[in-house]
Structure formats: structure tokens, C-alpha cells
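Peer 1: Just add 6 to the spot in the sequence shown (first one is 1) and you have the numbering used here.
Quick one: structure below, then a few questions.
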Amino acid sequence: MKQAEHQRRPGRRSLPILLILILAIAASGCSTDLPQNSLNPAGPAARQIDDLFWLVFWIATGIFVLVESALIYATFRFRRRRDDDTEVKQVHGNTRLEIVWTIIPALILAAVAVPTVATVFDLRRAPEPSENALVVNVIGHQWWWEFEYPEYGIETANEMTIPAGRTVYLNITSADVIHSFWVPQLNGKRDAVPGRINHLTLTADAPGEFLGQCAEFCGLAHADMRHKVFAVPEDEFEAWVAAQQEPAAVPTEGLAAEGWDTFQVVCTACHNARGATPTVSREVIGAEGGEETVFEVSLAPDLTHFGSRTTIGAGTFTWTEDHLAEWLDDPSSLKPMTPERNDLTTGRILGMPDFDLSEQEIEGLIALLEAWQ
Ligand SMILES: [Cu+2]
């Protein structure tokens, strides 16, 4: 007995500490300057969602306060008093009351449904031709994002550059399993479903950098399937497009030239460097309203201008020579992938293999990739 008491005591004392810890963790969710905070909208679509959230939140708060106040009032007002043994009035059902508390919630739900449905339809609206929307094809892969700009014949991976203030219309599909494209500050989520095309519009109010993440569990590296959206002024966007349209330059001397030799032997089975390597791709068909669209998708991220990007491994690591060296030395040690399941005959690639590259080869490849601005 004595022992049991002894054991219980520390447990009781740590309860307040546990409560404070839970509260602290919960309160950390209230921070407003986090990069993936959907309550910090940076574009009209995200703002519409945010407005709807607050409307429903305040209605729910009002109901919460009313119901809890009534409950607390009744608990105290009608509590059993000491030495009062009289039996309270027994009530079994009250038709009028029951009708009232069925109709009132039904009316509240109907009222909430009006702005909700309106927002859902509004967010699904395709842009008018007058909006001069930029079209980007978004293809989800295990575990990275491909971004094609059909208007300009360019392609990037994991980092999407858009003109600030202009509507961007996304055609979203998948090359393998279901993913979900989500940039919380710009819009809600949209599933990337193999065989289908879904749409989403993004408009950034002002230039800025916005973080996104795959929002549908898609296998081993799901948590490391991120992306960035860079919204830049229109003239900067034009300059970016022009730079991206340049083919990858083939170096003729120095370390980069050594890297180029390795690249042609080891890397071109999966990666494209437009203008410098033979294109490898496969067809993915997306259907929409009975109509089929064929997407020529890449097997691995396009590296044509990889030197101008800021991240490695689908937004997981910042672009530094050290990270790139680690990536080339043993990609799966940085980001868990399953390259042993790659199938080059079908083009289903599930990660970058370890090629046992020498230090010299890695240095050459880094120089090459750095030169591909
Ligand atoms: Cu995914």
C-alpha cells in the first residue's frame, strides 16, 4: 500500500506540467507568420476560403457561447440543494421545444450553406479569356512535382514561377498515384488524380515566395514532396521565361566539362537537359468531360536550369554545394526513396539511385549543374 502511494505521487505532480506542455503545443498553432498558414492568405482564392472560415467560426462561436451559458446557468440554477428532498417535476418530451430545436439548427445550417456553396462554385470557375491567365500543367510524381508551361515550351520541377497579380490556371494530373497540390497561402487543395485533369486557379496579390506541399499520402517520401511558388513582377517573369527558354549549355572545358561527360553516361536515362540531351519522357493521359489530353511527362526532374533553382529533392533541402554533393553521393540518405523499384521500360521511377560516383565525378557534376543557370 505504502509503495503504491509512493508511485502515484510523481504522476500527480507531473500532470500540470503535462497540461502546460499540451497547451503550449496547441498554442504554437496560433502563430501567424508560418509559411504554410492558410489563415494568412496572399491571394483572392485563399482570401475567399479564409473569409468563409471566419464566418463559420464566428457563427459556431456564438452558438457555443449560447449553449454553454444555458447549460452552466441550468446546472447552477436548478441544482439540488442541501436538505431539499422534494422530487422535481418529471417531464417526458415537449413537442414544441423539440420542433424549435430542430428548426433553428436547420435554419443555421441552411444559412451557412449559402456562402459555402457559393464559394465552392466560385473557386471552381475557369478564368475568363479577358483575364489572360497563364496556364501551367502540374504533374505529380512519386515524390516531386513537374511544372510545364505549354505556352512557352518550358518545364521546371518543384519550383513554379508566376507573374504576381495575374491569374494562373493549373491543369493538374498525376503520373502514378493520387497526390494533392496545395499552396495554403494561395488556394485550397486539389487532388492530382491519375487519368484525370483537375483545375485550380492561383493569383498572388504581390510578389513573394509561397511554400506548398503534397497533401495526399502518396508513399514513402510523401512528407518530402514539397514545392515553392515564386510570384514575381510581370517584367521579371518575362525575363525568367526568356532565360528558361535557353537550352542547357554544353561546357567544353574545366570541371563542368568533366561533369558533362559523366552526365551523358549516367544521368540521361532519366533526366532531361533541353537542347543538350535526347529527350526522355513517357505519355500520361488525363481525361476531362470525356475528352483526353496526352501529357509528355518527364521521368525525373528537368535539370535544364537546375543551377537557378533554390532547392534539392522536391523542396526538401536548400540548394547548396554540400547538399548537392550528399545528394549525388547517396540520394536515399537525404530523402528516403525506393529506387530499387524503378522500371526503366515503363518509365515508372520511384527515386534516384546511388551510382557510386567518385569524389571527382561528383565535383564535376556539381560544376555542371551550377553552370546550368
Ligand atoms: Cu504526393
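Note that beta-carbon positions come from the ideal geometry of N, C-alpha and C, so glycine has one too.
Please read all numbers here as calculations on a predicted model, not as lab measurements.
Tell me whether the beta-carbon of Lys195 lies closer than 7 Å to the beta-carbon of Ala237.
Peer 2: Locating residue 195 in the sequence shown gives position 189, counting from the first residue. Locating residue 237 in the sequence shown gives position 231, counting from the first residue. Result no, Cβ atoms of Lys195 and Ala237 do not sit closer than 7 Å.
Peer 1: If you run the structure through DSSP and keep just helix, strand and coil, what is Leu356?
Peer 2: The count along the sequence shown starts at 1 and reaches residue 356 at position 350. Looking at Leu356 - three-state DSSP - the assignment turns out to be coil, as it is neither helix nor strand.
Peer 1: Once you ignore the five residues that flank Pro41 on each side, which residues in its own chain have a CB closer than 7 Å to its CB?
Peer 2: Indexing the sequence shown from 1 puts residue 41 at position 35. Closer than 7 Å at the Cβ level, and outside the excluded window around Pro41, lie Leu217.
Peer 1: Roughly how far, in whole angstroms, is the beta-carbon of Glu332 from the beta-carbon of Ser338, given that I think they are within contact range, below 8 Å?
Peer 2: Numbered from its first residue, the sequence shown carries residue 332 at position 326. Numbered from its first residue, the sequence shown carries residue 338 at position 332. The pair is not a contact, with the Cβ atoms about 11 Å apart (cut-off 8 Å).
Peer 1: For Cys36, verify whether its CB is less than 6 Å away from any heavy atom of ligand 1.
Peer 2: Start at 1 with the first residue of the sequence shown, and residue 36 comes out as number 30. No, ligand 1 has no heavy atom inside 6 Å of this Cβ.
Peer 1: Does the stretch 267 to 281 come close enough to the stretch 292 to 311 to have 3 or more Cβ pairs within less than 8 Å?
Peer 2: Verdict: yes, contact present.
Peer 1: Only counting the same chain, and skipping five residues up and downstream in sequence, which positions put a Cβ closer than 7 Å to that of Met7?
Peer 2: In the sequence shown, residue 7 corresponds to position 1, counting from 1. Bear in mind that the predicted position of Met7 carries a pLDDT of just 47, short of 50, making it too unreliable to give a figure here.
Peer 1: For ligand 1, I want to know if Met166 counts as a neighbour, meaning its beta carbon is within less than 6 Å of at least one of the ligand's heavy atoms.
Peer 2: For the purposes of this step, residue 166 is taken as the residue at position 160 of the sequence shown. False, no ligand heavy atom lies under 6 Å from that Cβ.
Peer 1: Alpha helix (DSSP H) containing Ala163: first to last residue?
Peer 2: The sequence position of residue 163 within the sequence shown is 157, counting from 1. Careful: Ala163 lies outside any alpha helix (DSSP H), inside the beta strand (DSSP E) at Ile160 to Ala163.
Peer 1: Provide the residue span of the alpha helix (DSSP H) that contains Ser338, from first to last.
Peer 2: Residue 338 sits at position 332 when you count from the first residue of the sequence shown. From DSSP, the alpha helix (DSSP H) with Ser338 extends over Pro337 to Leu340.
Peer 1: Only counting the same chain, and skipping five residues up and downstream in sequence, which positions put a Cβ closer than 8 Å to that of Trp188?
Peer 2: Within the sequence shown, numbered from 1, the residue matching residue 188 stands at position 182. Cβ neighbours of Trp188 beyond the five flanking positions: Gly194, Lys195, Arg196, Gly218, Gln219, Cys220 and Ala221.
Peer 1: Taking 7 Å as the threshold (C-beta atoms), are Gly260 and Leu371 in contact?
Peer 2: Here residue 371 refers to the residue found at position 365 when the sequence shown is read from its first residue. Here residue 260 refers to the residue found at position 254 when the sequence shown is read from its first residue. For Leu371 and Gly260, no; Cβs fall outside 7 Å.
Peer 1: Taking the alpha-carbon of Ala229 as reference, which of Ile109, Met343 and Trp378 has the nearest alpha-carbon?
Peer 2: Taking the first residue of the sequence shown as position 1, residue 229 is located at position 223. The candidate whose alpha carbon is nearest that of Ala229 is Met343.
Peer 1: Going by CA-CA distance only, name the one from Val183, Phe82 and Ala377 that's closest to Val290.
Peer 2: For this step, residue 290 is matched to residue 284 along the sequence shown. Nearest of Val183, Phe82 and Ala377 to Val290, Cα basis: Val183.
Peer 1: Kindly indicate the opening and closing residues of the beta strand (DSSP E) around Leu176.
Peer 2: In the sequence shown, the residue the question calls residue 176 occupies position 170. Per DSSP, Leu176 belongs to the beta strand (DSSP E) from Val174 to Ser180.
Peer 1: Measuring only the C-alpha atoms, how far is Phe223 from His185?
Peer 2: The residue given as residue 223 occupies position 217 in the sequence shown. The residue given as residue 185 occupies position 179 in the sequence shown. Approximately 7 Å, taken between the alpha carbons.
Peer 1: So what does Ile145 bridge to, in DSSP terms?
Peer 2: Along the sequence shown, one-based indexing puts residue 145 at 139. Paired residue(s): Glu152 and Thr179.
Peer 1: Verify the contact flag: His5, CB atom, against every heavy atom of ligand 1, threshold strictly below 6 Å.
Peer 2: The requested residue 5 is not part of the displayed model; the chain covers only 7 to 379.
Peer 1: Do Met231 and ligand 1 come close, with the Cβ less than 6 Å from some heavy atom?
Peer 2: As a position in the sequence shown, residue 231 is number 225, starting the count at 1. True, at least one ligand heavy atom lies under 6 Å from that Cβ.
Peer 1: So for Ala99, helix, strand or coil by DSSP?
Peer 2: Counting from one through the sequence shown, the residue named residue 99 turns up at place 93. Here residue 99 turns out to be Gly, not Ala, going by the sequence shown. Coil, per DSSP.
Peer 1: For Ile69, report the span of its beta strand (DSSP E) as first-last.
Peer 2: One-based indexing of the sequence shown puts residue 69 at position 63. Premise fails: Ile69 lies in the alpha helix (DSSP H), Pro50 to Arg83, not in any beta strand (DSSP E).
Peer 1: Contact between the stretch 169 to 182 and the stretch 249 to 256 is defined here as three or more beta-carbon pairs at a separation below 8 Å; is this criterion met?
Peer 2: Because the criterion of three Cβ pairs below 8 Å is not met, the stretch 169 to 182 and the stretch 249 to 256 do not touch.
Peer 1: For ligand 1, any of its heavy atoms closer than 6 Å to the Cβ of Cys224?
Peer 2: On the sequence shown, residue 224 is found 218 positions in, with the first residue counted as 1. Yes, ligand 1 has a heavy atom inside 6 Å of this Cβ.
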